[in-house]
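Presented below is the structure to which this report refers.
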Amino acid sequence: MTDRPDILCIGSVLWDVIGRSASAMRAGSDVPGRITRLPGGVALNIAMAMARAGLRPALLSSVGRDAEGDELVAACAALTLETAYLYRSDDLPTDRYMAVEGANGLIAAIADAHSLEAAGDKILRPLSDGRLGTAEAPFAGTVALDGNLTQMLLERIATDPALARADLRVAPASPGKAERLLPFLTHPRAVLYVNLEEASLLAQRGFTDSATAAEALVARGAKRVLVTDGGNPAAEAAAGQPTIGRQPPEVLVTRVTGAGDTFMAAHIAAERDGADRAQALARALDTAAQYVSGDTSL
């Protein structure tokens, strides 16, 4: 356990199949565009962004021993990501995510993370068998966790002794999975990264701006919350501290899938570099803006 990774990324590691068009779209649209397949998933997106920032991330997830899984693991290794801790299943296929994006943003998406959910706590074995830690010697670094895990597994992670000293950074993966993060809403070591819709679902009330949403979640017991709202101001609220906000840079949006993951990774990296709250928020927004404009690669 001497060669520890800088951060553990726990959650979805899969193939992203993204269809993008320069045209505005609606339900039923049939337009020309480009279809790409890229390594993706919330945990993997965060890990890739961390690697670009010069850090050493390790992946904890489930990847099948099928051809797609072998190809995905090879792609991750080529990106200098630590894949040795992945759970490789003989009978579960490699997961996939499919999305359609138009000039007016995300039109629709389907996340097929059934293998990750079926693998359950097998993906956490390195945290208890001594490779990354044990209950008696918990992992004490940063953990990026996504809501593609089952509610039961997230509840276990929230109280797992093997993570009793970890700095937990948590994202819901999608609005449809936001309520899975409830075990972390009042967690003393969790930082939540959500968008405005996800904040509304967690708080069970609607919000029109990020600052109000972040403050409401802190009022409900959250230690610290960052709320984004697309091109509108983002905000961070923390218990016992003033709320801060910042307007994202105005850019031409060419892609949206992975933007929130890029924001989260850049914010964590900035704080590891010693940035204060305002500096970290600014750096995260700038990095996410570069990403959605197409100025950085996956």
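Counting from 5, one number per residue, gives the positions in the sequence shown under my numbering. Here a beta-carbon is modelled for each residue, glycine too, at the ideal position from N, C-alpha and C. Only a predicted model underlies this, so the values are computations on that prediction, with no experimental measurement involved.
How would you call residue i, buried or exposed, if buried means at least 16 neighbouring beta carbons within 10 angstroms?
{"i": "residue 35", "result": "exposed"}
{"i": "residue 244", "result": "exposed"}
{"i": "residue 49", "result": "buried"}
{"i": "residue 101", "result": "buried"}
{"i": "residue 241", "result": "buried"}
{"i": "residue 176", "result": "buried"}
{"i": "residue 39", "result": "exposed"}
{"i": "residue 82", "result": "exposed"}
{"i": "residue 127", "result": "buried"}
{"i": "residue 172", "result": "buried"}
{"i": "residue 351", "result": "As displayed, the chain neither begins before 5 nor continues past 302, which places residue 351 out of reach and without an answer."}
{"i": "residue 25", "result": "buried"}
{"i": "residue 256", "result": "exposed"}
{"i": "residue 118", "result": "exposed"}
{"i": "residue 32", "result": "exposed"}
{"i": "residue 43", "result": "buried"}
{"i": "residue 156", "result": "exposed"}
{"i": "residue 278", "result": "exposed"}
Quick one: what does DSSP say residue i is sitting in, helix, strand or coil?
{"i": "residue 5", "result": "Since pLDDT at residue 5 reaches only 40, below the 50 mark, its modelled position is unreliable, and no value is offered."}
{"i": "residue 64", "result": "strand"}
{"i": "residue 257", "result": "coil"}
{"i": "residue 17", "result": "coil"}
{"i": "residue 89", "result": "coil"}
{"i": "residue 43", "result": "strand"}
{"i": "residue 128", "result": "helix"}
{"i": "residue 189", "result": "coil"}
{"i": "residue 96", "result": "coil"}
{"i": "residue 298", "result": "coil"}
{"i": "residue 292", "result": "helix"}
{"i": "residue 120", "result": "helix"}
{"i": "residue 164", "result": "coil"}
{"i": "residue 56", "result": "helix"}
{"i": "residue 32", "result": "coil"}
{"i": "residue 83", "result": "coil"}
{"i": "residue 303", "result": "The structure shown does not extend to residue 303, since the chain is modelled only from 5 through 302, so no value can be given for it."}
{"i": "residue 357", "result": "The displayed coordinates of the chain run from 5 to 302. Any statement about residue 357 would go beyond what the structure contains."}
When you compare only the Cα positions, how much space is there between residue i and residue j?
{"i": "residue 198", "j": "residue 93", "result": "31 Å"}
{"i": "residue 361", "j": "residue 160", "result": "As shown, the chain starts at 5 and ends at 302. That puts residue 361 outside it, with no answer to give."}
{"i": "residue 195", "j": "residue 213", "result": "19 Å"}
{"i": "residue 16", "j": "residue 248", "result": "30 Å"}
{"i": "residue 90", "j": "residue 299", "result": "30 Å"}
{"i": "residue 297", "j": "residue 273", "result": "20 Å"}
{"i": "residue 80", "j": "residue 68", "result": "14 Å"}
{"i": "residue 139", "j": "residue 224", "result": "29 Å"}
{"i": "residue 183", "j": "residue 27", "result": "33 Å"}
{"i": "residue 65", "j": "residue 124", "result": "9 Å"}
{"i": "residue 105", "j": "residue 22", "result": "7 Å"}
{"i": "residue 209", "j": "residue 236", "result": "19 Å"}
{"i": "residue 302", "j": "residue 8", "result": "Note on residue 302: pLDDT 45, under 50, position unreliable in the model; the coordinate value appears next. The alpha-carbon atoms of residue 302 and residue 8 are separated by roughly 24 Å."}
{"i": "residue 145", "j": "residue 169", "result": "8 Å"}
{"i": "residue 292", "j": "residue 109", "result": "15 Å"}
{"i": "residue 164", "j": "residue 202", "result": "25 Å"}
{"i": "residue 97", "j": "residue 45", "result": "15 Å"}
{"i": "residue 269", "j": "residue 261", "result": "14 Å"}
{"i": "residue 189", "j": "residue 158", "result": "12 Å"}
Just list the residues that DSSP pairs residue i with in beta bridges.
{"i": "residue 183", "result": "DSSP, once it has assigned bridges, lists no residue as partnering residue 183."}
{"i": "residue 104", "result": "23, 112"}
{"i": "residue 12", "result": "62, 147"}
{"i": "residue 172", "result": "147, 194"}
{"i": "residue 287", "result": "Answer is none; residue 287 lacks a bridge partner."}
{"i": "residue 38", "result": "24"}
Original post:
At what residue ranges does the region 132-158 contain a whole run of the beta strand (DSSP E), taking only runs of 3 or more?
Top reply: 146-150
Original post:
Where are the alpha helix (DSSP H) runs, 4 residues long or more, that stay fully inside the region 199-233, in chain order?
Top reply: 200-207, 214-223
**OP:** Run through the region 236-284 for me and flag every whole beta strand (DSSP E) of 3 or more residues, listed as ranges in chain order.
**Re:** 236-242, 248-250
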